[in-house]
Each structure stands twice: as structure tokens, then as C-alpha cells.
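Chemist: After the C-alpha cells below, expect a handful of questions from me.
2 protein chains.
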Amino acid sequence: MGNVIVAQSGGPTVAINASLAGVIEGAIASKYDKIYGSINGILGIKDDNVIDLGQIVDSDPSFLSKLKTTPAMYLGSCRFKLPSADSGDPIYDLLFKQFEKYGIDAFFYIGGNDSMDTVDKLSAYAKTIDSHIRFVGIPKTIDNDLCVTDHTPGFGSASKYIATTTMEVIYDAQIYNSPSVTIIEVMGRDAGWLTAATSLARNEYCCGPDLIYLPEVPFNTEVFVNDLSRLLKEKTNIVVAVSEGIRDAKGEYISASTGQLDQFGHAQLSGAGKTLEYLVKDRLGIKCRSIEVNVLQRAAAHISSLTDIEESVLLGKNGVKFAEEGITGVMVIVKRVSNAPYTVEYSHATIHDIANEAKEVPKEWINADHNWVTDEMLEYLKPLVLGEPTLEYKNGLPVYVQR
Amino acid sequence: MGNVIVAQSGGPTVAINASLAGVIEGAIASKYDKIYGSINGILGIKDDNVIDLGQIVDSDPSFLSKLKTTPAMYLGSCRFKLPSADSGDPIYDLLFKQFEKYGIDAFFYIGGNDSMDTVDKLSAYAKTIDSHIRFVGIPKTIDNDLCVTDHTPGFGSASKYIATTTMEVIYDAQIYNSPSVTIIEVMGRDAGWLTAATSLARNEYCCGPDLIYLPEVPFNTEVFVNDLSRLLKEKTNIVVAVSEGIRDAKGEYISASTGQLDQFGHAQLSGAGKTLEYLVKDRLGIKCRSIEVNVLQRAAAHISSLTDIEESVLLGKNGVKFAEEGITGVMVIVKRVSNAPYTVEYSHATIHDIANEAKEVPKEWINADHNWVTDEMLEYLKPLVLGEPTLEYKNGLPVYVQR
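Protein chains in written order, with this note's numbering: chain A, -2 to 400; chain B, -2 to 400.
Here it is in C-alpha cells:
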């Protein structure tokens, strides 16, 4: 058999390099010959920016184990959308000539919706020219909003980071004996999965966030102020988790007025957290702070989930296996078999069923008051954050693979 | 001998509970009898909000080890400034009656400048009434701006978190092959120590931040834009670390205009990071993102420095030892003996020498271009972030002591 090529695309997660390691391990164990990596997504194939991953593995015995816990994307990313497969666009001819040049039998694309769209189009085009090349997508997104798969690689690690962060913010918020509200704004424009993960911070030693608001249900500022007022009669320091994507009943984002310009003439738009901070100060007149969980929610490899990392490796390995079996135009998926003990199996699904639909949090996993999650959500989340990879440290910092 | 009482005050750090554990361990091994904890700083003594820490240790064998890596403040905090010791204020009479009631021979206050001020005043008052009670301060501040001591507990862990975060942000920033600037804003209004710690992210596998700006030298936006333009000719993705406290030559903070009001009528003030983000977009017209490192820089116990934790424990223990020796009105300090191997010794200093002066980064530890740090700074920082405490995890999250 011929060679394989693998690329990464879209935004980073902590687990996307684990899937790359899985593809490499799978390919080493397969009938395939060389393992190429394309730099900056599919652009590397187009522009001959291709590296020999097998050579790198041979030259550094610790490469694969370090790669599994290295954040972001070893091969770099791109934002490149292919024209439709029947467009007659010369890019297809170019790409398939390049595949031929590198002797490619299978192409693996680790990414989100756009990357799956690319896999879909390349496999459709391959069909029209009777190409033997297999195209397999391997998912990743911290947002967990892909359909068909039980969950997405990167979500478990992001959840672990967010739950830990929430817990530490709660400890921080509780030190003074005077009323305060702390608002944690979590990523997730349309789906509340990551915000829901803050619920994991409620356990036998931490009270957890007091209120959780997801974008799947309308947000009402009056109800929010009432929720806070009621709680402030019972406890001193309130911690609230909100999704960046919360919207009012009309579907408008909760954000501060955009009418003002800064000194450089740019419109100022405050996000949900900052806007609610102003609201609390204004309406309740108490100390309030908002915290925007930054890009670390997708990059904090120093506290990734072992479950997430191991599954991501296996998704990559299974991708190679499916390609070997002649399967093409699919995305590898995880199916949850049971919660306790937590077991999953790996399968594949036609990309057309996945790429055009976003998976929101089911309404029945949000409580009746729309300010917390149900036990079903907790049971769903719990296994995904389990386990800690063994990280190598040098000079006090985690060791990652050099880009 | 009688009993001891310990309290915590000021803002939290990751190491302040380690010092509490050190005081408890020191007191257990001492001639002192009971070990009381005062809730919410000195207010607990005033209001009879006092707990028996010895009892808690006896009832939970794992309490002390967990306490050492629990963030924030187990005993809670306060912001309470005593009137001058010769003011004749009745608070002194009240506090010393309370000390008598609890049979106190020594009082330990773990905190920052305000807490040291309290220790200073209580020991001065004790002198006037010939009290036998010893007053010992144990420092903490992530800002590292206390004089006399080589460094402060909490700074090493904050540095480790900030350096790791910087590294992960750099990995995240490098994925696209198009120009970008990422600005990381770090806490530190007057002292640049924490911002300087981002320099640790430069090692053999990570390029580190490209530019570092500290508040100790004037910040010039034109020079900043030039620094960026020059670098953008050499590399694609630039990462900049700035202190929240950077000021121009006139001493004005670098912040966006305060003239505008949000929808609730509050003046909007953007910090240094956001302001520079606008500037970069405006002047260079390229993608720019600013990240405010949030309260986790003082609360991220999940990635604390073992060196910091162990030293904090020893500071607490030494505090008890000094009190036993009859020393009062002092703060325990760390003296660095050597960098390689890193060795320290513990001593004490009169609080008057410490409380009224802030320790800034020496000008000679900032490079000539005012946009990075010197090797002396790196040698100073390196030992402080070394080592990782063994954390217990349960259900995927670090286990902390319940507050």
C-alpha cells in the first residue's frame, strides 16, 4: 500500500495533537508506508509544505508521548474552504496531482466542521474520478457541538480546566465576609456544554457555582437579579457561570451598548460577563467582578483529561483502521456504551449527517428555573474529565513538543 | 506555655494556606498548648469567631497535607486597619482581653503590608502594657514587592502559573500562518515581578514572549509600535506581555479613555491589554487579541510551585520558633544563600523596615530597550518555580480542604 498524509485545521484544543499521535501510531502499525504531515491544513498539500512524520518519530523516541499532551496544533492550522466538488475548480485537479506525487492512499483531517466539509468534498470528488484515496475526518472541538458523536475530543480537557478554574475562583471569592458576586464567562456562542461543565465544581468540599446560565434558554435580566437577591439572603459570596452566548427572549446577545467609541475610534462591545457585572453593581449595589475564562480553556494542556487524551489517540488510530478497510467520506465518532463503568466504542458516520447541524444542550438537561443543570448532565459530564496524564516537567514548566 | 492564635489577611495566594499549615505544624512541635484559628483575620479575635485548629488536625489525618495545596485562605480574610497604638482606642484593650481569655502567648498573622502593620501596632501596644504576648508576621503576596525578604510566598506559584499560561498562549497563537499579535496583561500595578515571570516561557521548545513591558520604566506607544513592526518582519505571530501598571513618561496609566458611559451609566475604563489591542489594530491593521490573566494567577493551586509551598510551610514553622525564642514585632523573611544550588535560610526583620516601602524590579534587570529582562532576572526567577506538589485528584478535580 501507499502513503498517508495527515493535517489539522480549525481552532486548537488540548487533544488535537493526541489525535495526530493516534494517526501516526495507527499508520506505523498499518500496511501503509510513509506518514506525511501537511503544514497549515490542506494548504501544505497545495503548496508542497509537507514533512515526514515517520522520520521525526524515528529521530526522537519521546516525540509521540510528548505530542499527546502538547497543546494547540503541531502541524499548524488554516481557515480554507474548498469550493463545491462539482464546481470544476482547478484546485481539485491540483490537490489530487499532489496526492499522486506523494503516493497518498489515505488522507486524515483532524478538525471541526470546516475540516469535515473538506473531507466530504474531497471524497465526493474522488468518487467522480474513481480515485482509490480514502478520506477520513477526525473530530475536535472544545464546544462539543457536533452531532452523532457522543462528545468531541478536546471537550473533556476543556471541561476539566473550566471546572478546576471555577472551583479555584470560588475559593478565591469566599475569603471576605462581605457580599459579593463573581461572574465567570465561559466560551460557547451557541451551545452551553462548556458552561455546563462548571457544575462539576460542586462536590463535597466546594459549593460549586450558585447559578449557571446557558444559551439554549432565553436569559432574562430581571429573573437573574431576582435569583441573586434570593440567594444573597442565604449566603454571602455568589458565583455565577454564564455562557458568552446568552441571549434575551428576542434572541439579542446580553452585551453592553455598542454606541461608544474608544480613543482610537473603535466601537466598544462588552461581553455577557462584563455586562452582567455592570448590571449587578447598578441594581444590587454590591461588589461584583467578572472573569472571562481566556484561551486557556482550549490550550491548558497542563491540566488535560487523561480520558480525553486517550480517546483522542484512539480516534486517530481508528481513523487509520477505517481507511485501511476502504471506508471513505466519514468522520470517526465515539459512542458511549455505559456511564458506570464508563465505556465507549469507536465507529464512523457519514459526514453529511454531521457537518450541517450543531448539537445544543437538550432542554431537559437544564433545570426548570433555567439556572442550573440536571443530574443527567452531571452523569454525562463526569466521566469525560477523569484522569490526569503524566506530564514531564523541566525547570518547573511542562515539557511540550517544539513547533 | 500558653496557646497560640493564627489568622490570615489581605488578598489570597496559592501559598498562604501552606504557611498556615507551617504554623500549625510548628505549634504542634512546640511548647505551646492549643492552636486557635481566628476567622476573617483579626476580626475573629474581636468577635469570638475562633476555631480550634488542633482539634481539626486530630480529626482528619490528611488535613495538613491537603491544606498545604488548598488555594485562597482557609481562615478567611479581612481588610481591617488598626488605629495607631498610642491612639487610646478601646480596640486594643478589647483585643488584649480576648488574648487573655484564650490564654494566648503568641499571635501569627499571615498577610501583606496591612497585616504587617497590624503586627507592628499590636507589638508596640504590647510593649506599653508589658504584655508577654509575641506578635509575628508571616508574609504573602503574589506581587513580590516586599522589601528585605528575597521573595514572597505565593510569588513562585503565581510565576509558575503565569509562565505556563504564557507558554500555552504562545502555542495557541502560532497555529495560523498569518500575522497576529497577542497581548497578555499580567497583574502588578507598581511592580513588574509577575510580568517578568513570563520570560520563563522562553526555553528550548518555546520561543517565549517576544516583548515584555514592566511598570518600572516609562511606556511609549510609538516605541511599542516600532518594536512590533520590526519583529513582524522576522516572524508571523508576536506575543507580548505587559504589566497592568504600565505608564507613560508623565506617569499616566496606559488605558483607554474614561469619558464614555456604558448603558448603566458607568465610566468604561479599559486596561493596558485592551488599550494596546485597539492600538495595534488601529496602527498595524493586523489581527490582535488581548488576554487578561485572571484571578487564577493568585488561585491556581492546581499548578503551584513545590519550592514556593515548601518555603511557605517553613516560613510558618520559623515564625513559631521565633516566637518561642521571645522575638516579637517581626516578619519572617527568606534570605537567598545561593542560586546554584538554590539554597535559602530563614530569618526575621523588624516590620518598620518593610511595611512602608515597595520593592520594584531593579532597573538594571530590565534590558536597555526596555522590552525584556536581563539574565540576572532569569537567574533570580528560575529556582522559585521549581517542583510540583503531589495533588490528590477526585472525580477528575484537585482535592482541596473544605472551607
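Just so it is clear, CB atoms sit at the ideal spot from N, CA and C, and this is done for glycine as well.
Could you give the distance in angstroms between the alpha-carbon of A/Ile363 and the alpha-carbon of A/Ala103?
Modeler: As a position in the first sequence, residue 363 of chain A is number 366, starting the count at 1. As a position in the first sequence, residue 103 of chain A is number 106, starting the count at 1. Their Cα atoms are separated by approximately 42 angstroms.
Chemist: Check whether the region 199 to 206 of chain B touches the region 123 to 143 of chain B, taking contact to mean three or more Cβ pairs, one atom from each stretch, closer than 8 angstroms.
Modeler: Flag = no, the region 199 to 206 of chain B and the region 123 to 143 of chain B do not touch.
Chemist: Just curious, the beta strand (DSSP E) that B/Lys286 is in, first and last residue?
Modeler: Taking the second sequence and counting its residues from 1, one reaches residue 286 of chain B at position 289. Sequence check: residue 286 of chain B is Arg here, not Lys. Lys284 to Glu289 is the extent of the beta strand (DSSP E) around B/Arg286.
Chemist: Could you compute how far the alpha carbon of B/Ile2 sits from the alpha carbon of B/Val341?
Modeler: For the purposes of this step, residue 2 of chain B is taken as residue 5 along the second sequence, with counting starting at 1. For the purposes of this step, residue 341 of chain B is taken as residue 344 along the second sequence, with counting starting at 1. The alpha-carbon atoms of B/Ile2 and B/Val341 are separated by roughly 27 angstroms.
Chemist: With respect to the alpha helix (DSSP H) encompassing A/Phe152, which residues constitute its N-terminal and C-terminal limits?
Modeler: Taking the first sequence and counting its residues from 1, one reaches residue 152 of chain A at position 155. Phe152 to Ala170 is the span of the alpha helix (DSSP H), which, as asked, contains A/Phe152.
Chemist: Going by beta carbon distance, what residues of the same chain come within less than 6 angstroms of A/Leu383, once the five residues before and after it are set aside?
Modeler: Residue 383 of chain A sits at position 386 when you count from the first residue of the first sequence. Only Thr304 meet the Cβ criterion.
Chemist: Taking the alpha-carbon of A/Ile351 as reference, which of A/Glu182, A/Leu281 and A/Asn141 has the nearest alpha-carbon?
Modeler: By one-based count along the first sequence, residue 351 of chain A stands at place 354. The option with the nearest alpha carbon to A/Ile351 is A/Asn141.
Chemist: How big is the Cα-Cα spacing for B/Ala355 and B/Glu321?
Modeler: The residue you call residue 355 of chain B lines up with position 358 of the second sequence. The residue you call residue 321 of chain B lines up with position 324 of the second sequence. Answer to the nearest angstrom: the Cα atoms are 29 angstroms apart.
Chemist: Per DSSP, which residues does A/Cys204 bridge with? Please list them.
Modeler: As a position in the first sequence, residue 204 of chain A is number 207, starting the count at 1. For A/Cys204, which the question treats as bridged, DSSP gives the partners A/Arg199.
Chemist: Less than 8 angstroms separating the beta-carbons of A/Ala155 and A/Leu191?
Modeler: Within the first sequence, numbered from 1, the residue matching residue 155 of chain A stands at position 158. Within the first sequence, numbered from 1, the residue matching residue 191 of chain A stands at position 194. In contact: A/Ala155 and A/Leu191 (Cβ atoms closer than 8 angstroms).
Chemist: Among residues of its own chain, excluding the 5 on either side of A/Asp49, which ones have a beta-carbon nearer than 7 angstroms to its beta-carbon?
Modeler: To locate residue 49 of chain A, count along the first sequence from 1; it is residue 52. Excluding sequence neighbours, A/Asp49 sits near Lys31 and Tyr33.
Chemist: Measure from the alpha carbon of A/Phe105 to the alpha carbon of each residue in A/Ser84, A/Val20, A/Cys144 and A/Asp169, then state which is nearest.
Modeler: The sequence position of residue 105 of chain A within the first sequence is 108, counting from 1. Taking only the C-alpha atoms, the option nearest A/Phe105 is A/Val20.
Chemist: Restricting to Cα atoms, I'd like to know which of A/Leu381, A/Glu307, A/Ile101 and A/Gln294 is closest to B/Val166.
Modeler: What you label residue 166 of chain B is simply residue 169 of the second sequence in a count that begins at 1. Among A/Leu381, A/Glu307, A/Ile101 and A/Gln294, the Cα nearest to that of B/Val166 is on A/Gln294.
Chemist: For a contact defined as C-beta to C-beta under 8 angstroms, what are the partners of B/Gln171 on chain A?
Modeler: As a first step, residue 171 of chain B is located in the second sequence; it is residue number 174 there, counting from the start. Those within 8 angstroms of B/Gln171 in chain A are Ala69, Gly73 and Arg400.
Chemist: I'd like the list of long-range same chain contacts for A/Ser120, defined as Cβ closer than 6 angstroms, with 5 residues on each side in sequence excluded.
Modeler: The residue given as residue 120 of chain A occupies position 123 in the first sequence. These residues qualify, in order along the chain: Phe132, Thr325 and Gly326.
Chemist: Who are the Cβ neighbours of B/Arg199 in its own chain at under 8 angstroms, not counting the five residues just before and after it?
Modeler: Along the second sequence, read from residue 1 onward, the residue named residue 199 of chain B stands at position 202. If we look at B/Arg199 and ignore the five residues flanking it on each side, its Cβ neighbours are Gly205 and Pro206.
Chemist: Counting only C-beta atoms, is A/Asn37 closer than 8 angstroms to chain B at any point?
Modeler: The residue you call residue 37 of chain A lines up with position 40 of the first sequence. Chain B, which has a Cβ nearer than 8 angstroms to the Cβ of A/Asn37, makes this yes.
Chemist: Step through the CB atoms of chain A and report whether any lies within less than 8 angstroms of the CB of B/Leu281.
Modeler: Residue numbering aside, residue 281 of chain B sits at position 284 when the second sequence is read from its first letter. Not one chain A Cβ lies under 8 angstroms of B/Leu281.
Chemist: Going by DSSP in three states, A/Lys232 sits in which element: helix, strand or coil?
Modeler: The sequence position of residue 232 of chain A within the first sequence is 235, counting from 1. If DSSP states are grouped into helix, strand and coil, A/Lys232 belongs with coil.
Chemist: Please name the residue, chosen from B/Val331, B/Val178 and B/Tyr250, that lies closest to B/Ser287 on a Cα-to-Cα basis.
Modeler: Position 290 of the second sequence, counted from the first residue, corresponds to residue 287 of chain B. The candidate whose alpha carbon is nearest that of B/Ser287 is B/Val178.
Chemist: Could you give the uninterrupted runs of the alpha helix (DSSP H) lying entirely in the region 364 to 394 of chain A, keeping only those of 4 residues or more?
Modeler: Counting only runs of 4 or more, we get 372 to 378.
Chemist: If we define contact as Cβ-Cβ less than 8 angstroms, is A/Lys157 a contact residue for chain B?
Modeler: Here residue 157 of chain A refers to the residue found at position 160 of the first sequence. True, the Cβ-Cβ gap to chain B drops below 8 angstroms.
Chemist: Where do the N-terminal and C-terminal ends of the alpha helix (DSSP H) with B/Arg333 fall, by residue?
Modeler: Residue numbering aside, residue 333 of chain B sits at position 336 when the second sequence is read from its first letter. From DSSP, B/Arg333 is part of no alpha helix (DSSP H) but of the beta strand (DSSP E) over Val327 to Asn336.
Chemist: Which residues in the same chain as B/Phe216 place their Cβ atom closer than 7 angstroms to its Cβ, once the five residues preceding and following it in sequence are excluded?
Modeler: Here residue 216 of chain B refers to the residue found at position 219 of the second sequence. Result list for B/Phe216: Tyr210, Ile243, Arg244, Asp245 and Ile251, in chain order.
Chemist: Decide if the region 219 to 227 of chain A is in contact with the region 370 to 382 of chain A; the criterion is three or more beta carbon pairs, one per stretch, under 8 angstroms apart.
Modeler: These segments do not touch.
Chemist: How many Å lie between B/Leu143 and A/Val237 at the Cα?
Modeler: Position 146 of the second sequence, counting from 1, holds the residue named residue 143 of chain B. Position 240 of the first sequence, counting from 1, holds the residue named residue 237 of chain A. Cα to Cα, B/Leu143 sits roughly 34 angstroms from A/Val237.
Chemist: A/Leu293 touches chain B at which residues, Cβ-Cβ below 7 angstroms?
Modeler: Indexing the first sequence from 1 puts residue 293 of chain A at position 296. Result: Thr162 and Glu165.
Chemist: The alpha helix (DSSP H) spanning B/Asp350 covers which residue range?
Modeler: Translated into positions along the second sequence, residue 350 of chain B becomes position 353. Taken as a continuous stretch (DSSP letters only), the alpha helix (DSSP H) holding B/Asp350 covers His349 to Ala352.
Chemist: Should A/Glu249 be labelled buried (16 or more other beta-carbon atoms within 10 Å of its own) or exposed?
Modeler: The sequence position of residue 249 of chain A within the first sequence is 252, counting from 1. Under this definition A/Glu249 is an exposed residue.
Chemist: Could you tell me the distance, in whole angstroms, from the CA atom of B/Thr125 to the CA atom of B/Pro136?
Modeler: Counting from one through the second sequence, the residue named residue 125 of chain B turns up at place 128. Counting from one through the second sequence, the residue named residue 136 of chain B turns up at place 139. Their backbone Cα atoms lie some 25 angstroms apart in a straight line.
Chemist: Roughly how many whole angstroms lie between the Cα atoms of B/Tyr275 and A/Ala193?
Modeler: Here the question's residue 275 of chain B lines up with position 278 in the second sequence. Here the question's residue 193 of chain A lines up with position 196 in the first sequence. Rounded to the nearest angstrom, the two C-alpha atoms are 32 angstroms apart.
Chemist: Run through DSSP, which three-state label would B/Val145 get?
Modeler: Stepping through the second sequence from its first residue, residue 145 of chain B is reached at position 148. If DSSP states are grouped into helix, strand and coil, B/Val145 belongs with coil.
Chemist: Using three-state DSSP, classify B/Gly51 as helix, strand or coil.
Modeler: Numbered from its first residue, the second sequence carries residue 51 of chain B at position 54. In the structure shown, B/Gly51 sits in a helix (DSSP, three-state: H, G or I).
Chemist: Are the beta-carbon atoms of B/Ala24 and B/Val317 separated by less than 8 angstroms?
Modeler: The count along the second sequence starts at 1 and reaches residue 24 of chain B at position 27. The count along the second sequence starts at 1 and reaches residue 317 of chain B at position 320. Yes, they are a contact pair.
Chemist: Does the CB of B/Val331 have a neighbour CB from chain A at under 8 angstroms?
Modeler: The residue you call residue 331 of chain B lines up with position 334 of the second sequence. It does not: the Cβ of B/Val331 has no partner Cβ on chain A nearer than 8 angstroms.
Chemist: Taking any Cβ of chain A, which residues in the region 366 to 398 of chain B have a Cβ under 9 angstroms from it, in chain order?
Modeler: Flagged, chain order: Lys379, Pro380, Leu381, Val382, Leu383, Gly384, Glu385, Leu388, Tyr390, Lys391, Asn392, Gly393, Leu394, Pro395, Val396, Tyr397 and Val398.
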